[in-house]
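Numbering (my numbering), first residue to last: 137 to 581.
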Amino acid sequence: MGSLFKNLAGLLGLLALGLGLLGGCGGAPGEREYRSGLREFERGRWVRSRALLEKSVARRPGHADNAVAYHYLGVACWRMGQVQPALEAFEASRRLAPDLAESLYNTGVIFFESGDPVRAASPFQEAALARPGDPRPLEFLGAMYMQRSNWAEARRVLSVALARAPQSARILNALACVEARAGRPEQGVFYLMQALEKDARYAPAIFNLGVLHQGRDAAQAEAYLGKYLEAVKDDPEARAGPQAEYARRALGDLAVEKTPPGKPSAPTPTPLPAPKTFEALLKEASTQSAKGHVSSALHLCLEAAGRAERQRDAGKQEKALREAVRLVPRQARAHYALGRFLFERGKADAALRSFKTAAELDPRFSLAQMGLAEAAVKAGEFDAALVACRAAIQQEPENPEALWLLATLYDQTLEMTEQAARTYRDFERRFPGDPRVVLRVISKL
């Protein structure tokens, strides 16, 4: 994959900022080491960079540059295959600068690529909140929900990711896979055609169109197969992958890129530390909360909840989520996670309270607004549903799910015919070709 994190938006910006602010030479104790450490990092000299950055932090305790120093220290450690020091450095960076989203994102990438998606979920969720314009954490979350066959949540987060990056063929392809696997192949084809409008040679989308036409239109399936082979003819890795098996036997499954760009490639990293027990995670979360480390406390609670979910222990999952709300009551993500858990178990009134709190704490949190709208409909609070729908549309205007929810709310729940018709027309104008539009027209014939 090339050098570590070379595709991460913001990494080189941080480096430029760190070097640019220093200017000149010499300076206070630790400043020279800091400057030299960043330059060694830029040259790929990880051992030397780590030593200099550690020395800089030691010589300037409490300095404003230390958050950036820890961030690059973490990347250097990961490049050397030293997982635990990397995680500790990213944690130190986040404590000094909670809004430094790259450290959150990188922590999630390390867990995900090391085969522990449960522990990756929380840092990705926090990174998505810290950087409202960045689709990458949401793409990883979408991949994790797809692994669990949780199509509704995968669709939800990928729709927000697409609103953040409307030109991304990769996100459109992932949405197509969600729809196809959820039994909506027409919607899948729609997203794939959209992906090819953005990038006509995007191989996974071409391959998937062949899969979706298989058994329905053999000529079309073969045509897309030929286009796929043409698209990957100069890519030995793609031709040798699972798609090539489909190309040889005209059989296969949908192709999804494993991760968005920026996944780490490191020389045989040491194993991740053994995960702590459920009880130990909650105990440490309490300790971190008492120290004022709210991000760490939330991360630990959500990690415990994720582990309980994987073990299908709803009681422990609810316990961890309620503990998150208790320990970090000002964190919107804690209330949203509890609300989603309650809503999926048919407790609309309780879920609505949690979603309302999340939306009040962070009005930009579009997932909370969508959850609030859905729960409000179930609870019969239609005014609240309308307000939440409109807020979600304002925050994520390229998200078709929010606008469709508003249209169906007017149409099927409130029976406001004029507003429904106007919203449906707006949907047709903004998302032409969406299968829901076609089905709606057919139903009127």
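Each residue gets a CB set at the ideal place from its N, CA and C atoms; glycine is no exception.
Cβ of Tyr205 within 9 Å of Cβ of Leu223? As written in the sequence, residue 205 is Ala, which differs from the Tyr given in the question. In this structure, Leu223 does not lie closer than 9 Å to Ala205 by Cβ.
CA nearest to the CA of Ala136, picked from Glu537, Leu240, Leu541, Pro268: No answer is possible for residue 136: the residues shown for the chain start at 137 and end at 581.
Just to confirm, is the Cβ distance from Leu434 to Leu417 under 9 Å? Not in contact: Leu434 and Leu417 (Cβ atoms no closer than 9 Å).
With a threshold of 16 other CB atoms inside 10 Å of the CB of Ala279, please say whether the residue is buried or exposed. Here Ala279 is buried. Its C-beta has 16 or more other C-beta atoms within 10 Å.
For the candidate residues Met282, Phe177, Lys369, whose alpha-carbon lies nearest to that of Ser185? The option with the nearest alpha carbon to Ser185 is Phe177.
Roughly how many angstroms lie between the CA atoms of Ser250 and Glu551, to the nearest whole one? The straight-line gap from Cα to Cα measures roughly 50 Å.
Using a threshold of 9 Å, state whether the C-beta atoms of Glu315 and Gln323 are closer than that. Yes, Cβ-Cβ distance for Glu315 and Gln323 is below 9 Å.
So is Gly482 buried or exposed if we call it buried at 16+ other beta carbons inside 10 Å? It is exposed - the Cβ of Gly482 has fewer than 16 other Cβ atoms within 10 Å.
Identity of the residue in Trp214, Arg168, Gln220, Met216 nearest Arg196 by Cα: Ranked by Cα distance from Arg196, the options Trp214, Arg168, Gln220, Met216 are led by Arg168.
Inspect the beta-carbon positions of Glu262 and Ser502 and report whether they are closer than 9 Å. Cβ distance not < 9 Å, so Glu262 and Ser502 don't count as in contact.
Please report the Cβ distance between Arg443 and Phe414, rounded to the nearest whole angstrom; I am assuming they are in contact, meaning their Cβ atoms lie under 8 Å. With 8 Å as the limit, Arg443 and Phe414 qualify as a contact, their Cβ atoms being about 6 Å apart.
Distance, Cα to Cα, Gln218 vs Gly428? When rounded, the distance between both Cα atoms is 28 Å.
Helix, strand or coil for Ala305? Go by DSSP, reduced to three states. Residue state for Ala305 is assigned as helix, using DSSP reduced to three classes.
Where the alpha helix (DSSP H) containing Met280 begins and where it ends: That run of the alpha helix (DSSP H) goes 272-283.
Backbone CA spacing between Pro259 and Lys514 [nearest angstrom]: Here the alpha carbon of Pro259 sits roughly 31 Å from the alpha carbon of Lys514.
What's the C-alpha gap between Pro340 and His471? Near 36 Å, if we compare the C-alpha coordinates of His471 and Pro340.
In three-state terms, what does DSSP make of Gly346? In this structure, Gly346 counts as helix in the three-state DSSP scheme.
Is the stretch 525-541 in contact with the stretch 288-304, if contact means three or more CB pairs nearer than 8 Å? Using a C-beta cut-off of 8 Å, the stretch 525-541 makes contact with the stretch 288-304, since at least three inter-stretch Cβ pairs fall below that distance.
Suppose you measure from the CA of Asn309 to the CA of Glu275; what does that come to, to the nearest Å? For Asn309 and Glu275, the gap between their C-alpha atoms comes out near 11 Å.
So, helix, strand or coil for Asn286, using DSSP? If DSSP states are grouped into helix, strand and coil, Asn286 belongs with coil.
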